[in-house]
Each structure stands twice: as C-alpha cells, then as structure tokens.
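Chemist:
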Amino acid sequence: MKSVIIWLLFLFTNQFIAAQEQSSYYFDTNKFELKSTEIQKLNDWISKNHEVKIVAINGYTDEDGTIGFNDTLAQKRVDFIYKLVKDKVKIRDDFKTRSFGKLHQQSDNKAENRRVTIYYIEAKDLAKEDEILGIKKEEIAPKSKSKKQFPEAIVIENPNGTESAFELNVEFMQQVDAAKPGEKLKLENLNFQLNTFAIVNESRGKLYELLIVMQQNPELSIDIQGHLCCMPTDRTNLSTQRAKAISQFLRMNGIENSRVTYQGFGSSQPIYPLPEKNEEERAANRRVEIEIIKN
30 MKSVIIWLLF LFTNQFIAAQ EQSSYYFDTN KFELKSTEIQ KLNDWISKNH
80 EVKIVAINGY TDEDGTIGFN DTLAQKRVDF IYKLVKDKVK IRDDFKTRSF
130 GKLHQQSDNK AENRRVTIYY IEAKDLAKED EILGIKKEEI APKSKSKKQF
180 PEAIVIENPN GTESAFELNV EFMQQVDAAK PGEKLKLENL NFQLNTFAIV
230 NESRGKLYEL LIVMQQNPEL SIDIQGHLCC MPTDRTNLST QRAKAISQFL
280 RMNGIENSRV TYQGFGSSQP IYPLPEKNEE ERAANRRVEI EIIKN
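What follows is the structure in structure tokens.
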C-alpha cells in the first residue's frame with residue numbers, strides 16, 4: 030500500500046526550497062500524539078523561533094494501513110502539532126492547505142516517514158513572504174468612473190416667489206466629479222459684491238454646479254479656499270468669509286459638514302505677484318478654489 034501525504038495545494042518552487050526552513054517531529058506507528066521526547070524537541074524549537082512564521086504543517090505516514098486510515102492519521106498528526114504551536118508562533122491562515130509535499134521522499138526506514146514537518150520562514154525573510162511562496166498579488170484595476178449626466182440649466186424659486194434660471198457648466202461639473210484627491214479647481218466666474226462675502230446674483234449658478242455634483246457624488250469631500258488680490262494683508266479676514274459663505278450654502282442644502290471645510294489665504298498665494306500690473310492679474314488673484322480631499 031502506498032504511503033499517504035496530506036496536501037491540498039501543490040506549490041513548489043526552487044526559490045522556496047532555497048528560502049524555506051523546516052523542522053520534523055516523529056510519531057510511533059498508528060499514533061497521532063508525540064511521545065515526550067519529541068514534545069520536548071518541539072518545545073525547544075518553539076522557544077528558539079518566536080519570530081519566525083509557519084507557512085505549512087504537513088503530515089506524513091508510512092506504507093502500513095489503508096489510504097483512508099492514513100489520510101485521517103496524517104491529518105490528526107497535523108492537528109496535534111498545531112495545538113502545540115498555536116499562539117506561540119505566527120502561522121499563516123492557510124497553513125493546512127499549503128503543501129510542500131513534493132519535498133517528501135520515502136525513506137527505507139519507516140519510522141522516518143511517520144512524521145509532521147513544519148515549514149517556516151525566518152524573521153529576516155518575512156518581508157519577502159509572498160515572493161518566497163510564489164504568491165502573486167492580484168492587481169486590482171482602478172474603477173473607472175462613468176461620466177455622470179448633469180443638467181445644463183437649473184431654475185430656482187426665489188424667496189419673493191419669482192424664479193431665476195441659471196445655465197450650468199456641465200464640463201466643469203464633470204471635471205469636479207472625476208477629480209482626484211489633491212487636485213485644485215478654480216470656481217470661474219464666481220463674483221462677490223465689492224469688499225463683501227455676498228455673492229452676486231449672476232454667480233449663484235456656480236454654487237448650484239458645486240451642490241449638484243456633491244449631491245450626486247456622496248464620496249466627494251472638498252476644501253474651499255479663498256484668495257484675495259491687491260492688498261498684502263487680509264485685515265477683515267475677507268478671504269475666509271467668502272470661502273465660509275460657499276461652505277454654508279452647501280451645508281444649508283443638505284451636504285454633510287464632514288464633507289466640506291474652508292479656509293482663507295488672503296493674498297499669500299497669488300498667481301501674479303503683488304502689486305498686480307492690471308485688472309486681469311487682479312482678477313486672477315481674486316479667486317475661490319476647491320481642493321479635492323476625498324473622491
């Protein structure tokens with residue numbers, strides 16, 4: 030009757046042979062419990078190898094007995110060894126199905142075939158564990174976002190009962206929706222009344238563009254950043270107030286506080302150096318940007 034070797038997964042590479050270590054423990058005929066001398070041998074190994082990681086525990090039998098009997102016996106031997114080493118040495122979760130059985134060669138001495146072999150990786154090699162075991166991590170392709178369909182216009186009912194219609198920049202909305210963390214986008218054509226944080230009526234559409242994107246993309250979190258032109262010092266903290274006004278609009282319309290933060294930089298981050306040469310440069314410095322925090 031041929032001997033039985035317990036293994037479920039055939040994984041065997043020359044690289045592993047070179048990197049793996051092993052330690053074997055021997056059983057009496059038809060027994061799955063170690064005798065005291067082998068238990069002491071195992072305990073000595075444990076005391077010297079707290080930092081290693083067990084990658085497989087393989088059970089072997091001799092040629093005596095039926096295949097079914099030897100299957101069960103080999104598995105019981107693995108279980109017995111496992112109970113002695115668990116919580117004392119790190120062990121891979123799949124140690125029972127990871128086999129290096131092809132390393133096993135029958136000895137003419139039957140006693141040498143009645144054993145359990147522990148295969149392990151030393152601490153110095155743990156950083157290369159997957160490489161040693163020949164495990165290739167599956168590369169997960171980033172999910173590509175399909176372009177959302179955003180409205181081209183919106184009609185808003187005003188407090189006095191009238192309605193205001195605003196054209197929306199769909200391209201900008203898609204750009205915000207697809208932006209990656211760390212990207213900054215300027216809110217073009219967002220204008221405020223002179224020296225205040227009150228947004229002019231013609232610019233309200235920009236607020237709704239941002240609101241609609243955040244409503245349709247619950248994963249999106251942003252930081253609203255205000256910037257000023259002309260003056261080196263933001264004495265009235267106007268840049269922060271303008272960023273805060275946009276933040277409050279989003280929150281009042283149902284966007285969670287945790288998804289919107291704001292801050293003002295005054296004139297400390299100009300696009301053009303101060304003093305600006307013309308109105309075009311002043312308009313470029315006088316801006317509100319959003320930075321993508323999460324998406």
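Count along the sequence shown from 1, then add 29; that gives the number in the numbering used here.
Note that CB positions come from ideal geometry on N, CA and C, so glycine has one too.
(1) Over the uninterrupted beta strand (DSSP E) stretch that includes E186, give me the two end residues.
(2) Look at Y111 and Q51 and say whether their C-beta atoms are less than 7 Å apart.
(3) Output the distance between the C-alpha atoms of A272 and G255, rounded to the nearest integer angstrom.
(4) Taking the straight line between their C-alpha atoms, what separation do you get for A274 and F226?
(5) Does the pairing of the stretch 193-205 with the stretch 281-294 give three or more beta-carbon distances under 8 Å?
(6) Can you grab the Cα-Cα spacing for the pair Q244 / K215, in whole Å?
(7) So I150 and I161 are in contact, right, with Cβ under 8 Å, and what is the actual spacing, rounded?
(8) Quick one: what's got a C-beta closer than 8 Å to T262's C-beta in the same chain, skipping five residues either side?
(9) Taking Cβ to Cβ, would you say I321 is nearer than 7 Å to A207?
(10) Once you ignore the five residues that flank V84 on each side, which residues in its own chain have a CB closer than 7 Å to its CB?
(11) On the DSSP letters alone, give me the boundaries of the alpha helix (DSSP H) that Y237 sits inside.
(12) To the nearest angstrom, how far is the alpha carbon of Q49 from that of K139?
(13) Alpha carbon to alpha carbon, what distance is there between L102 and K60?
(14) For D122, which residues does DSSP report across the bridge?
(15) If you scan the stretch 62-103 from start to end, which runs of the alpha helix (DSSP H) of 4 or more residues do you find wholly inside it?
(16) Using the Cα positions of D73 and K323, report the straight-line distance between them to the nearest angstrom.
(17) Using the Cβ count rule (16 or more neighbours within 10 Å means buried), how would you classify E308?
(18) To which residues of the same chain is R316 closer than 6 Å at the C-beta, ignoring the five residues directly before and after it?
(19) Kindly indicate which residue of E62, I284 and R311 has the alpha-carbon position closest to the one of L113.
(20) For H79, which of F56, D91, K115 and T66 has the nearest alpha-carbon?
(21) According to the Cβ coordinates, are Y232 and R288 closer than 7 Å?
(22) With a CB to CB cut of under 7 Å and the five nearest residues on each side skipped, what residues in its chain are close to R106?
(23) Where does the unbroken alpha helix (DSSP H) through S268 begin, and where does it stop?
(24) Which residue from K165, Y54, I185 and S268 puts its Cα closest to that of N220?
(25) Give the list of continuous alpha helix (DSSP H) stretches no shorter than 4 residues that lie fully inside the stretch 184-228.
(26) How long is the line joining the alpha carbons of E248 and L240, rounded to whole angstroms?
(27) Apart from the five residues on each side of it in sequence, which residues of its chain come closer than 6 Å, Cβ to Cβ, to D252?
(28) What does the Cβ neighbour count give for N224, buried or exposed, with the cut at 16 atoms within 10 Å?
(29) Just the C-alpha distance for N266 and D159, rounded to the nearest angstrom, thanks.
(30) Among the residues of its own chain, which have a CB less than 7 Å from the CB of R311, if the five just before and after it don't count?
(31) Does DSSP put I319 in a helix, a strand or coil?
Modeler: Taking the geometry as given:
(1) Element bounds for E186: A182 to E186.
(2) It is not a contact, given that the beta carbons lie outside the stated cut-off.
(3) The alpha-carbon atoms of A272 and G255 are separated by roughly 5 Å.
(4) Straight-line Cα distance between these residues: approximately 7 Å.
(5) No: fewer than three Cβ pairs fall under 8 Å.
(6) Looking at the backbone, the Cα of Q244 and that of K215 are separated by about 19 Å.
(7) Sure, about 6 Å apart at Cβ, within 8 Å.
(8) The residues are G295 and S296.
(9) Taking 7 Å as the Cβ cut-off, I321 and A207 do not qualify as a contacting pair.
(10) Non-local beta-carbon contacts of V84 in its own chain, meaning distances under 7 Å to residues more than five positions away in sequence, involve R121, F124, R127, Y148, Y149, I150 and L162 in chain order.
(11) Membership of Y237 in the alpha helix (DSSP H) is indicated by the continuous run R233 to Q245.
(12) Straight-line Cα distance between these residues: approximately 25 Å.
(13) Going by the C-alpha atoms only, they are around 8 Å apart.
(14) In DSSP, D122 forms no bridge with anything.
(15) Qualifying alpha helix (DSSP H) stretches, in chain order: 65-77.
(16) A direct Cα-Cα distance of roughly 52 Å separates D73 from K323.
(17) In the assembly as shown, E308 is an exposed residue. Its beta-carbon has fewer than 16 other beta-carbons within 10 Å.
(18) For R316, same chain residues with a beta-carbon under 6 Å away, outside a window of 5 residues either side, are K215 and H256 in chain order.
(19) Distances from the alpha-carbon of L113 to those of E62, I284 and R311 put E62 closest.
(20) H79 has its Cα closest to that of K115, out of F56, D91, K115 and T66.
(21) The residue you asked about is not Tyr; residue 232 is Ser in the sequence shown. In this structure, S232 sits away from R288, with a CB-CB distance that is not shorter than 7 Å.
(22) Taken in chain order, the residues that qualify are F56, F61, G88 and V145.
(23) Its alpha helix (DSSP H) spans residues L267 to M281.
(24) Ranking the options by Cα distance to N220, first place goes to S268.
(25) Qualifying alpha helix (DSSP H) stretches, in chain order: 199-207.
(26) Rounded to the nearest angstrom, the gap between the Cα atoms of E248 and L240 is 13 Å.
(27) Shown here for D252: same chain residues with a beta carbon closer than 6 Å to its own, the five before and five after excluded, namely T290, E320 and I322 in chain order.
(28) Counting other Cβ atoms within 10 Å of its Cβ, N224 stays below 16 and is therefore classed as exposed.
(29) Answer to the nearest angstrom: the Cα atoms are 55 Å apart.
(30) Answer for R311: C258, C259 and E305, listed in chain order.
(31) The answer is strand: DSSP assigns I319 an E or B state.
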